[in-house]
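One structure below.
Numbering (the working numbering), first residue to last: 836 to 1053.
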């Protein structure tokens, strides 16, 4: 099955940032309420914007909403992303092969554009993708709402129903399905709940080398 557009999520699909980011999220939350681990944060909030994470956490702990909390957390995470970020296995080769084949692609993430610049720059993909980045922070609602995927497809002049989305989080899969796209759920990380991704409508795969075959390229 060929598609007009391939939309990648960023964290957990192109760059291996989830562990580092969630350790910092947990550190901030643990100062405000009961101690929480990075793994717990990842299970609770994977795929969501920092604003949605902070709102959910504050509500769960009956804390007043702090509009500056997400910004503080974002600064910490983006500072931590300055060095030491690795690509998801096979992701760089996959993107390069799609570019060589002139396949239309872009990235739609819950993270900020600035964060994507830092992380994608470290793994050598920024030159390929810097003008093809879309953040849920720049649209009305974050994942699991479909807004960022719909905005990305519109900007690329493609009907989202003719796109394929590559995601690794439950909220991301839900957003992609809500956008009307075909969704491939990457479960190469042992943390990922493959059954949950499949239950939400994704076609689960475990190796980035499988993507070309799944989208009908070889």
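Glycine is no exception: its CB is placed at the ideal position from the N, C-alpha and C atoms. It should be emphasised that the depicted structure is a prediction, and the values quoted were computed from it without experimental measurement.
Secondary structure note for residue 914: its alpha helix (DSSP H) is the uninterrupted segment 904-915.
Restricted to the segment 926-963, the alpha helix (DSSP H) segments that are unbroken, complete and at least 4 residues in length are 926-935 and 948-957, listed in chain order. Beyond the five residues adjoining it in sequence on each side, residue 1038 comes within less than 6 angstroms, by CB distance, of 1019 in the same chain, given in chain order.
Following the DSSP letters along the chain, one finds residue 885 in no beta strand (DSSP E) but inside the alpha helix (DSSP H) bounded by residues 885-895.
Residue pairing by DSSP places residue 922 opposite 850 in a beta bridge.
When 861, 935 and 983 are compared, the shortest CA-CA separation from residue 879 is found for 861. Using a Cβ distance threshold of 8 angstroms, residue 850 and residue 999 do not count as a contacting pair. Distances from the CA of residue 949 to each of 906, 927, 865 and 981 were compared; the closest alpha carbon is that of 906. Under DSSP, residue 983 forms no beta bridge with any residue. Short of 6 angstroms from the beta carbon of residue 996, and not among the five residues preceding or following it, lie these beta carbons of its own chain, in chain order: 1015.
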